[in-house]
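The letter at position 9 of the sequence shown is residue -11 when you use this note's numbering, and the numbering goes up by one with no holes.
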Amino acid sequence: SLSPLPSIHEVVDSHAAFFCGIVAGITQAGLFNPFDRALYLSVKNRVPFLSPENFRAPYLGFLQSIGGRALSGGLYYPLEHYCLIHIIPQHNNDNDTDNDSNRVS
């Protein structure tokens, strides 16, 4: 049998979740890029992490960082939303039927 079409609320919620994920990914990229780059340079050049040379161009590679973080953040919230709507209620309903059969009237 075919599953019913999603309601308008589910569609709007999934778009909002995706937008929130994109914003979260861009924010994370902006906050963590200087430290990610410093860590990379410290390993690559074998210098201490807090060395000033690691922080000379802290936002070099920022666009690549946005791509990865925005993609992962943009997918997380819609997938969480999908799981909450489609997987967890089924799991809870299965438990409810099990509990009904175990009840003493």
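Just so you know, even glycine gets a beta-carbon here, dropped at the ideal spot from N, CA and C. Here the structure is a predicted model, which means the values were calculated and not measured.
Subject >> Neighbourhood of Phe(-1) by C-beta, 7 Å cutoff - its chain only, sequence neighbours within 5 removed >> reply: none
Original post:
Got a sec? Which residues, its chain only, sit under 7 Å from Ala18 by beta carbon, not counting five neighbours each side?
Top reply: Phe29, Asn34, Phe35
**OP:** Whole angstroms is fine: what's the gap from Gly54's alpha carbon to Tyr62's?
**Re:** When only Cα atoms are considered, Gly54 and Tyr62 end up about 13 Å apart.
**OP:** From the DSSP output, in three-state form, read off Ser38 for me.
**Re:** One point to set straight first is that residue 38 is Pro, not Ser, in the sequence displayed. Coil at Pro38, not helix or strand.
Original post:
Grouping DSSP H, G and I as helix and E and B as strand, with all else coil, what is Ser31?
Top reply: coil
Subject >> Secondary structure of Ile68, DSSP reduced to three states >> reply: helix
Subject >> Length of the line joining the Cα atoms of Arg49 and Val27 >> reply: 26 Å
Original post:
Which value, in whole angstroms, describes the spacing of the CA atoms of Asp16 and Ile67?
Top reply: Going from the Cα of Asp16 to the Cα of Ile67 covers about 35 Å.
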